[in-house]
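Chemist:
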Amino acid sequence: MRSRALIYFGSLLATIALINTPVPRVVVSAVLNPDAGDAVARSLGSITKDLVLVLLISIYFEWVRTREQTELLRGVDRKLDALKSTTAPATRQLVLDSTSPEELITTALDRHIPHVSDKSSLVSLVLSLRPAHHDVSVALRVERVEGTTVHVSFRYELTMPRGPLLAAVTSSPTHSIALSDACPELFDVSTLASTASFEEDAKAFGNKLECYVEPRRGGTRKVDFRRVPATMVRKYISLPVGLTHADLMLFAADLSQEDTEFVRVRQYSHFSQDLAVPGVWWYADRPMFVRSLTMDIRELVRERGKKVHMQVFLGSVDSLVLDADEGYLSLKLDRWVVQGQGVIANW
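Residue 307 in the numbering used here sits at position 307 of the sequence shown, with consecutive numbering throughout.
#1: Go ahead and label L252 buried or exposed: buried means 16 or more other beta carbons lie within 10 angstroms of its beta carbon, across all protein chains shown.
#2: Within the continuous alpha helix (DSSP H) that includes V301, where are the two ends?
#3: With 16 other CB atoms within 10 Å as the buried threshold, where does H245 fall?
#4: Can you tell which of T149, A182, V189 and H175 has its C-alpha closest to the C-alpha of L165?
#5: Can you tell which of V337, D77 and T260 has its C-alpha closest to the C-alpha of A132?
#6: Who are the Cβ neighbours of G340 in its own chain at under 8 Å, not counting the five residues just before and after it?
#7: Within a Cβ cutoff of 6 Å, which residues of the same chain sit near C183, ignoring the five residues on either side of it in sequence?
#8: In terms of residue numbering, what span does the alpha helix (DSSP H) encompassing F198 cover?
#9: Leaving out five residues before and five after F198 in sequence, what residues of the same chain have Cβ atoms less than 7 Å from its Cβ?
#10: Measure the Cβ-Cβ separation of L300 and L331 and say whether it is below 7 Å.
#11: I need the straight-line Cα distance from D201 to E157, nearest angstrom please.
#12: Just checking, does the region 209-229 make contact with the region 260-274 on the three C-beta pairs under 8 Å criterion?
#13: Could you check how far apart the C-beta atoms of V169 and M249 are, in whole angstroms? I think they sit under 8 Å.
#14: Are the CB atoms of I297 and G327 within a distance shorter than 7 Å?
#15: Is the beta carbon of V150 sitting closer than 7 Å to the one on V138?
#16: What number of angstroms, rounded off, separates the C-alpha of L239 from the C-alpha of D254?
#17: Near S128, which residues of its chain fall below 6 Å by C-beta distance, leaving aside the five closest residues on each side in sequence?
#18: What residue does the alpha helix (DSSP H) around K307 start on, and which one ends it?
#19: Compute the beta-carbon to beta-carbon distance between L329 and M295, rounded to the nearest angstrom, for a pair I have assumed lies under 8 Å.
#20: Applying the criterion that 16 or more other CB atoms from any shown protein chain within 10 Å of the CB defines a buried residue, is S176 buried or exposed?
#21: Take F187 and list the residues in its own chain whose beta-carbon comes closer than 7 Å to its own, dropping the five residues that flank it on each side.
#22: Report all residues from its chain with a CB closer than 6 Å to the CB of S319; omit the five preceding and five following residues, and keep chain order.
#23: Starting from D181, trace the alpha helix (DSSP H) both ways and give me its first and last residue.
#24: Count the other C-beta atoms from every protein chain shown that fall within 10 angstroms of the C-beta of E185, then say buried if there are 16 or more, exposed otherwise.
#25: Going by DSSP, what residue range makes up the beta strand (DSSP E) through V213?
#26: Can you tell me which residues form a DSSP beta bridge with F225?
#27: Helix, strand or coil, according to DSSP, for E261 in the structure here?
#28: Have a look at the DSSP bridge pairing and note the partners of I113.
#29: Give the straight-line distance between the Cα atoms of S350 and T107, rounded to the nearest whole angstrom.
If you want it as structure tokens, here you go:
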């Protein structure tokens, strides 16, 4: 580009110099006659002005172009200097900000499990459709034993997004699993393992449901549960195939009117089951950050002399056990658990 510009300006200057010498007049006079040579010399005067104007305009535009190129190069130099001075963490943060979450997850999984093509099942455990629960504390306790009936209480404290709190109860674990998988909007799904009437037991279960909200300004406020009529269940959830209204009962507590996006909730449920049912359990139905987890079955051990075995499905928790005794387990987790992890107490 630079050599082309030199040739252009050199040719233009040479042309201007040539037409302002006697050469054109002499050549034309020799070929034609002296009068024609004088006429050509006079006409070249006006051409000289046009060529000088072209020269000046060309010089201006060449100066502008050179200046822009200079500024561009200076800008590149400044960016290179800034890049050289950028620390490694800042560079990594730049990469993270410019990469989609899907790409980040794929890259991380490819590093840890490079030979598995289908990673969707693992991702579904971590990135559940259900909204995550935060600062969760779970406590399950056998309150008393009457004849062949075991009465159990369950306390669940958490921080959750504002909205309706939906609790369902079913007649079998199979129904509970199907309902939980099909309805991510459900807060909790319980199974009533009893030989009595499901309708009566489910109503008694709903009457004992309790929910308390802890507002930002302090204090505690109770929010009542109400039974959702069978004809209105589909307004809240879509039943999975094979599940009928006779297999479940739905209860709702309205938390949609709270003035904060996230609500601190303490929820209690009470249920009874036959002593012949060999245990109780709790498992996470979504990703949740669990602070503590307590299973207290000591009343059953004291009353009936049952041998209770605790099975923990939370990964490695040996260093997290605070108290483990016959019929009693207390864990301080302070970490995330994923769908399906939990604890079973068998007797």
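We put the beta carbon where it would ideally sit given N, CA and C, even for glycine.
Modeler: Short version:
#1: Reading off the sequence shown, one finds Ala at residue 252, where the question assumed Leu. Flag for A252 reads buried.
#2: R298 to R304
#3: Result: exposed.
#4: V189
#5: V337
#6: L125, Y283, A284 and F313
#7: I237
#8: For F198, the enclosing alpha helix (DSSP H) starts and ends at F198 to N207.
#9: S171 and L192
#10: no
#11: 24 Å
#12: yes
#13: 5 Å
#14: With contacts defined by Cβ atoms closer than 7 Å, G327 and I297 form a contacting pair.
#15: no
#16: Approximately 21 Å, taken between the alpha carbons.
#17: R286, P287 and Q339
#18: Where K307 is concerned, there is no enclosing alpha helix (DSSP H), given that its DSSP letter is neither H nor E.
#19: Rounded, the Cβ-Cβ distance is 5 Å, consistent with contact.
#20: buried
#21: L165, L166 and A167
#22: Since pLDDT at S319 reaches only 49, below the 50 mark, its modelled position is unreliable, and no value is offered.
#23: P173 to A182
#24: exposed
#25: E210 to V213
#26: According to DSSP, F225 shares a beta bridge with no other residue.
#27: coil
#28: Beta bridge pairing from DSSP links I113 with no other residue.
#29: The first residue shown for the chain is 1 and the last is 347, placing residue 350 beyond what the model contains.
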